[in-house]
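Worksheet: the structure to be examined is printed underneath.
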Amino acid sequence: MTDVVTDVMPEPAAGGRALSAPLMGRDAEPTLFELSQPGRRSWQLRTTGVPEVSLEDLVPAEHRRPAPPGLAEVSERDLVGHFTRLSHRQFSVDLGAYPLGSCTMKYNPKICDAVAVLPGLADVHPGAPASCTQGWLQLLVELEQQLCEITGMAAATLQPAAGAAGELTGLLLMRAWHDAHGQTRHKVVIPDSAHGTNPASVTLGGYEVVTVPSDARGCVDLDALRAVLDEDVAGIMLTNPNTLGLFEEDIVAIAAAVHEVGGLLYYDGANLNAIVGVVRPGDMGFDIVHLNLHKTFATPHGGGGPGAGPVAVSQRLVPYLPGPRPTRLADGAGDRYGWSTTPESIGRVHSWHGNALVLARALTYLLVHGGDGLKQVAQLAVLNANWLRTRLSGTYDVPYDRPCMHECVLSASSLKKSTGVRALDVAKRLLEEGFHSPTVYFPLIVDEALMLEPTETESLQTLEALATALEKIAAEAVEPGGAQYAAEAPHATPVRRVDEARAARTLVPTFDARRDVGS
Amino acid sequence: MTDVVTDVMPEPAAGGRALSAPLMGRDAEPTLFELSQPGRRSWQLRTTGVPEVSLEDLVPAEHRRPAPPGLAEVSERDLVGHFTRLSHRQFSVDLGAYPLGSCTMKYNPKICDAVAVLPGLADVHPGAPASCTQGWLQLLVELEQQLCEITGMAAATLQPAAGAAGELTGLLLMRAWHDAHGQTRHKVVIPDSAHGTNPASVTLGGYEVVTVPSDARGCVDLDALRAVLDEDVAGIMLTNPNTLGLFEEDIVAIAAAVHEVGGLLYYDGANLNAIVGVVRPGDMGFDIVHLNLHKTFATPHGGGGPGAGPVAVSQRLVPYLPGPRPTRLADGAGDRYGWSTTPESIGRVHSWHGNALVLARALTYLLVHGGDGLKQVAQLAVLNANWLRTRLSGTYDVPYDRPCMHECVLSASSLKKSTGVRALDVAKRLLEEGFHSPTVYFPLIVDEALMLEPTETESLQTLEALATALEKIAAEAVEPGGAQYAAEAPHATPVRRVDEARAARTLVPTFDARRDVGS
Amino acid sequence: MSGYAPHTEAEVAAMLEFLGLSSLDDLFAVVPAALRMAGGLDLPEGMPEPDAFAYIDDLSRANRPAGRDLVCFAGGGAYDHEVPPVTRALASRSEFVTSYTPYQPEVAQGVLQAVFEFQTLVARLTGMEVANASLYDGAAATVEAVNLAVAATGRQTVWVSRGLNPTWRQVLATFSAGTGHRLVDVALTNGTTQWEGADADGEAPGVVLVAYPNYLGCLEDLAAARAVCDRTGAMLVVAFDPIAAGVLRPPSDWGADVVVGEGQALGMPLGFGGPYLGLFACGLSQVRRLPGRLVGETVDAEGRRAYVTTLRAREQDIRRHKATSNVCTNQTLMAVTAAIQLGWLGTTGIAEVALRSARGTRYCREKLLGIPGIEALADAAVLREFAVRLPLPAPVVIERLVDEGFLAGIALDGSYSSGADDGLLVAVTERRTRTEIDAFVDAMAKAVR
Amino acid sequence: MSGYAPHTEAEVAAMLEFLGLSSLDDLFAVVPAALRMAGGLDLPEGMPEPDAFAYIDDLSRANRPAGRDLVCFAGGGAYDHEVPPVTRALASRSEFVTSYTPYQPEVAQGVLQAVFEFQTLVARLTGMEVANASLYDGAAATVEAVNLAVAATGRQTVWVSRGLNPTWRQVLATFSAGTGHRLVDVALTNGTTQWEGADADGEAPGVVLVAYPNYLGCLEDLAAARAVCDRTGAMLVVAFDPIAAGVLRPPSDWGADVVVGEGQALGMPLGFGGPYLGLFACGLSQVRRLPGRLVGETVDAEGRRAYVTTLRAREQDIRRHKATSNVCTNQTLMAVTAAIQLGWLGTTGIAEVALRSARGTRYCREKLLGIPGIEALADAAVLREFAVRLPLPAPVVIERLVDEGFLAGIALDGSYSSGADDGLLVAVTERRTRTEIDAFVDAMAKAVR
Ligand SMILES: Cc1ncc(COP(=O)(O)O)c(C=O)c1O
Ligand SMILES: Cc1ncc(COP(=O)(O)O)c(C=O)c1O
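Structural data, given as structure tokens:
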């Protein structure tokens, strides 16, 4: 592989050329900076009639920029061309199936986009007095109520902006609880299959991570758990179904064991899509639950965000929830909704009220589904995953061969041994078969993991095509030249396999910076 | 070339597979009908509480459908996947330059999309009483006024839905004028370079076409014109600049000659982008003008429509305009705007008031530009076209080698003679260089015509890249294998060269019909 | 430089130099000096976008759109049906919006396939073999159908049912000034066309034109219309309604030769009357006379299925003055929208929309007819729309109901009501709730009291 | 089946059969029976989309959004700047909206390149070498910056200027319960931070945290803050404002080690506070401690330029409990939005927005201070926001002005106004016209009379 960037862009680049569009050619897309021409502009601002005082009169000399910020200067036409072409270089759920395990990339109904742009929601200042935001407050209260019913909890905060923020919030609630009970505990238990945010959150919550291994079933080893439980354990973080897509059958025993030592149970709700409407974290014995609205309740992932990670808690933890909280007021003459904070509150975890427009999308999704609809979501998500697992069990290894929940973890371990074709190669080959890849190399405890989460919004026909493609890839691998072909995949995408090592070696984090950072 | 469709789609197809997306693969996209599965659905309708009477009770037996219409049955997810993938198989201005001569494919500002969805415009019933539509009426009156100022005319109808509808409307106005003056005339003159809609409209207007040839300059041959003019000529249809992109310099003499025999001058406004704000059809002597708002005033072409083709006329023709017309009322207590029709009106040419939401876009465009802005549009459009013409004149033939207006007509005639590479091959090769093709084989009077209209919204850098690509294509053609390569182009598009002859021979106009219609 | 042109002053200067010119005005040297505008256009100065937006927004606020504040019972060719967010989202994708007529099929498969699907859907709805890629609106499609039928039969007399939308009738009359067709109106009796006696006038018709359901919402006896055609040798042109088609016998079953219609109900907003969508379908035998664009399936050089506009030889850009239609720019985006909307509705949805509209219509009609002084204007079976006779002039009642938050309907012209202006055409779509209808009826009762 | 799952009943049956199961409930056999919900969730029945839309629309109508009917002078971290239709159109393209974190770069160049451009733009605005791919909001970015600086200096004492947005300060305090950082408040004097005396407390700070402009809108003396850092060995974290950065000296010039900020002003609607955008930039020397995602340029197998998320080893999914941050899902769509908006503004636009905001602020401030009873809360230079002391409690005045159609500002907590609740923070963006400001000032004069 060459070590120089071979396609040096002509400077300045042509904004009206679509050579980078997969429809037309396969070139790189120029950056905004290469499209820039001094003197060009897109912006147009309102005519205000405000007196035109000079910058010199407005800002003292020592505070003035010595030189303009030098962003880019492009016409609206070139701006539109550029970002439209970039959008054509991006896979998305709306283009096809995205069976990325642990991520719940389901179809997100367009109605949610439509509510999120209603001026009565989108243009409300978060600092406006409650008299101007009664609709928003009601929306948040109703969402909280629905989430409590779904999780079996007593109250919730909607502030956390994503699952990880919810995790940390939950751990601080745990800490506040123990503090309030005069206890200083130091350890939080997590299974070895846990998502990486769990241990990171534990550390940021000021706790020490104690890892408990999975047993042969892929579940928490109950004996190993009991062995680590003591009065220094603040709690345990679990996701159920776990990241292997398996239901922790011993959950009742686990809860009892943890509660016995005075610990709390934290539920990582990233996998709720498997069980929503079927079984509730609260009923399993959990005390604190975060939800990934951007997974289960179909708020789109936005290329990596925004999300929303509300945290629901059982009655005893309610006083500690972050504040201020939207609240239904006693009936009377004035506002029906307002804000309230308890003295025990751990405080704010978001600068305002959380990712509000994401929350509005989630409530819309919940309204459309209702209780029965949500249960059906879980049922069909689990049906799809089991169908895939069963269908593919002859082709790939199934490390834990038992009914799964909403996702199934396969392994390319045997394939790699027999042909050299790795999980990564399978993933890359799949791209040019018209599917996004599954999650690979996670969970860490499975060798050459391929983690497939089809979600309930994909059809049987899509599952069949996906399975057939995965079978074809495995079959090709044993043919002459097949392993090589897989190793060089993808062949049909706008860029071929991307050199990740080089990116980390010679760091180019901006158009202007280039730094050798070693290997 | 094979005579059977080789990629028979699996039935039923997988709606979640993106193999047809240029990003992922190069397969055909299944049709909606192949995605269909009985029992699936997307629709959701309002809960109304209206009594649920059965169809049998509502519709007499003889009127009831014997079988359901059998459209398609797909999930919303598959619907979205399908049409999103189709959009990725479609070139558009927003992806790159579209130098299609005669079509004025300029960048259309996004603000126009934003106004067209305002509920106060989009949700107004066209039959609502004037008291409910004062804003619309004012909008239409103001648009009419601006168009009159731009064309130098006295009044306009906004009803025609496209340029061709405007042409026919104009010809009926011509007829009404002559009728009112007790004359029955039979002929309408058009130049041989005219757009095909002109002669077709003349015929539909009940007139006979008299073709006048172009001279060596590419302009109307004045002597030849004079030779055909007599008292049986109802009028002449001209576009100026004409379809060769050349300004008819003799326009004043032409107007005088036509008027002298009592004929009227019709201006085909498709090329107005060249002269808007610089010279007005009215000042040139035209009596009737249609405008293509979807060209000059940047209302998007929508893959082939909708457009809008208002017709403006000089004072003497005003009474004949189609009605009802939006009108400013005398000041008083009630509505400020209403509708009016003259007794001489030729009648309605649209079921309501024209393509209203297109008209709203056009007014927005006009408001943003103002008079000076429009003039600049013309200047820069003409600048771009002349730059391209001059730059490419060494590479392609320039049939009429003089300064052009907003578009320039080149020819691949010499290239074809020397290499066999035709205008069509050049057009197809250009696609994979990241540009839409120019118009080819039009106007008909130029051999191997390549008609380039860059428009004012493309940058110098884009023009340079386009010219370089066209030079590269010409240079390749003389290399060994070059002509063959061009004949097989495009190579990089989602489908390769499409068999047009086969489509006409074995007609497949729907998913269900297939008919051999001969050659 | 302002506006949307990217040119910097330096670039303009360089380009002029390349051309050997010294100013932008020099570009127009060929234009006789006397013609060039000295002072520039007398238009308001250009406004920045936010100002222009505010200006149009002000105008939009001077209208009363259909919605919660003006519940819509108006139809007459433009209906308030559900347009879901998914249709709006897909139909507004910029690839569909900002492309041109698919002249280069290699990079236009998106629009081409969507239109091919549209053609198929229209063909299935109408029961006809082939449909075109759209015309401007229902009126324009009607004009084209008449032209086709006249060309096919060689006879210029057209029998036009008075059940045809009167504005379409007017458009047809306008264009007949050029084509020279003779229009013969055929009256309605109690809501449906009275064919007997139409031939009193003598000339055998080339075309018989009837709407199903008709303007008054009534279901015509198409067998009778077909019989007239069989008797006279005319072609039968049926103006159908694509929503009603969800439950009604398709025009093909009745022997229609050409079927036209207004497609607005298939996903287009009311939009003050446009852009709408002209539907046009006929038999394969007429395909060479089919106006407008036609997309067909074929293969590419590698044998993959592909689509292309076909039988171009019919079109005006090739046949020029021999063309039977001059349509060029059509309503492709609306055809794509309709394909999306019909995909969303599917087989069951379109029937359900028709059924629910019929239920609301029945409910509303019965309630309105219960108001003293309001009478039925016709007794024939209706589907989504019906006409009543009011005790007051319809325009007066409409204004009164506007004040109560209802768009009560369309005032009928006197010809439908023995010369009086008391006829009101009321449409009830699947979006009207029982609560809305009840409130409407109450308000109506007050308005006519 | 309803909802968005495509399964027909026949398919469900076939799939169950393939799995050897007899009902959907069997899929949950592993779940202890006692845990399974018997009665189902106690939630309202599912509503069809149009009903759900109407429900949310009703809620939206129970708010008073900023706009013509409530002219916005509120800021405090959320500003009413122009968001043009072009930004909205591009940022809502479904490829950006419905994709995931770009784990497979071969089919994610769109998001990757947009984020790479975002990183470059933020780096250029701040003057720093590297920026990350976004954090949740300004507060979250501040927390991450403090964590980075504490890790880099090994010292847990944080001097926090009271000029930092107080809600950010609260978020920092909340999370410090886990990390154990000691926060030391440093007071303002006449609008800017009074660094002298902060060390009275003894412990040398690892971090000095200051906002520029600060919460009261004032321009801090960053040279003084830098001097404190030089003296104590602390790292300087500056919370900057991306719009102000259009005209202000970039934080890098003042020697900032880490720059954070709230990016809402770069194209995001007010949205009741989210989703917003956390900006984070620092020097390359700190890149291995950079929280969140980082996109870098590289090449593909054919040597073409390509982008990929890089230095993943820092992130929690690999470093797990050794990670210094737990952020996973971030605000990518907002980063893409900001890249588009900054592309639209460009070098000249961002300066113009800042300049026009400063003009409106100057104009409005002088007029308000001309009202008897209203006083300046600080005299330091301001840019887009300023604080005044009212003769009445600020919440009362705010409610009165709401009735007049103005969102007057944010009520300051007593600590900014010697304990009284009379402090009001007023923001004036480039969108405020002279007419609006004049009317606001008139209404204010009446409200405090
Ligand atoms: C199992 C699990 N836990 C936690 C998270 C973290 O959630 P977020 O990305 O919203 O911060 C994820 C997200 O991928 C996850 O899959
Ligand atoms: C010169 C000319 N005249 C007339 C027309 C017809 O206009 P429309 O397509 O809007 O009917 C066109 C359209 O391409 C044209 O280029």
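Protein chains in written order, with my numbering: chain A, 1 to 519; chain B, 1001 to 1519; chain C, 2001 to 2449; chain D, 3001 to 3449. All C-beta atoms, glycine included, are put in the ideal place defined by N, C-alpha and C.
Asked, Found
"Rounded straight-line distance, which links the Cα of P3269 of chain D to that of T296 of chain A", "25 Å"
"A1200 of chain B beta carbon less than 8 Å from that of R2320 of chain C", "yes"
"Rounded separation between D2241 of chain C and G2261 of chain C - CA only", "6 Å"
"Inter-residue spacing [alpha-carbon to alpha-carbon] between A385 of chain A and G245 of chain A", "9 Å"
"Contact test: N1271 of chain B Cβ vs ligand 2 heavy atom, cutoff 7 Å", "yes"
"With 16 other Cβ atoms within 10 Å as the buried cut-off, status of D3 of chain A", "Unreliable positioning characterises D3 of chain A in this predicted model, as indicated by a pLDDT of 36, which lies under 50. A coordinate reading is not provided."
"Cut-off 7 Å between Cβ atoms - residues of its own chain near V1005 of chain B, not counting five sequence neighbours on either side", "Interpretation of V1005 of chain B is limited by its pLDDT of 38, a score under 50 that renders its predicted location unreliable; no figure is taken from the coordinates."
"Beta carbon of L357 of chain A nearer than 8 Å to that of A122 of chain A", "yes"
"Check whether Y2307 of chain C and P2044 of chain C have beta carbons under 8 Å apart", "no"
"A2141 of chain C CB to nearest heavy atom of ligand 2 below 7 Å", "no"
"CB contact flag (Y2100 of chain C, G2278 of chain C, <8 Å)", "no"
"Proximal residues of chain B, C-beta to C-beta of L2188 of chain C below 8 Å", "The contacting residues do not exist; L2188 of chain C stays about 17 Å from chain B at best."
"Close-in-space but distant-in-sequence residues of the same chain around S1102 of chain B (CB under 8 Å, 5 per side omitted)", "H1195, T1243, A1270, N1271, E1407, T1439, F1442, M1451, E1453"
"Neighbourhood of A2420 of chain C by C-beta, 7 Å cutoff - its chain only, sequence neighbours within 5 removed", "G2414"
"Test: P3006 of chain D CB closer than 8 Å to a CB of chain C", "no"
"Cβ-Cβ distance between R3124 of chain D and P69 of chain A below 8 Å", "yes"
"Sequence-distant residues of its chain with Cβ nearer than 6 Å to N1355 of chain B (five each side left out)", "A1161, P1306, A1308"
"Distance cut-off 7 Å: T1243 of chain B Cβ against heavy atoms of ligand 2", "yes"
"Nonlocal neighbours in the same chain, by C-beta distance under 7 Å from M1 of chain A, ignoring five residues either side", "In this prediction, M1 of chain A scores a pLDDT of 30, lower than 50, which makes its location untrustworthy; the coordinate-derived value is nonetheless stated afterwards. Only D499 meet the Cβ criterion."
"Buried or exposed (CB count within 10 angstroms, at least 16 for buried), Q523 of chain A", "Because chain A in this structure spans residues 1 to 519, residue 523 of chain A falls outside the shown range and cannot be described."
"Under 8 Å by beta carbon: chain C residues contacting Q37 of chain A", "P2006, T2008, E2011"
"Positions along the segment 338 to 356 of chain A whose CB lies within less than 7 Å of some CB in chain D", "I346, G347, R348, V349, H350, S351, W352, H353, G354, N355, A356"
"S1102 of chain B: CB within 7 Å of a non-hydrogen atom of ligand 2", "yes"
"Neighbour flag for Q3331 of chain D against chain A, beta carbons, 8 Å", "yes"
"CB contact below 8 Å: V1008 of chain B versus chain A", "Note that V1008 of chain B scores 44 on pLDDT, short of 50, meaning its location in the model is unreliable; the coordinates nonetheless yield the value given after this. Answer no: the Cβ-Cβ gap between V1008 of chain B and chain A never drops below 8 Å."
"Interface residues of the segment 1061 to 1087 of chain B facing chain A [CB-CB below 8 Å]", "S1075, E1076, R1077, D1078, V1080, G1081, T1084, R1085"
"Ligand 1 heavy atom lying under 7 Å from the CB of A162 of chain A", "yes"
"Exposure label - L2369 of chain C; buried when at least 16 CB within 10 Å", "exposed"
"Assigned secondary structure, H2321 of chain C (DSSP; H/G/I helix, E/B strand, else coil)", "helix"
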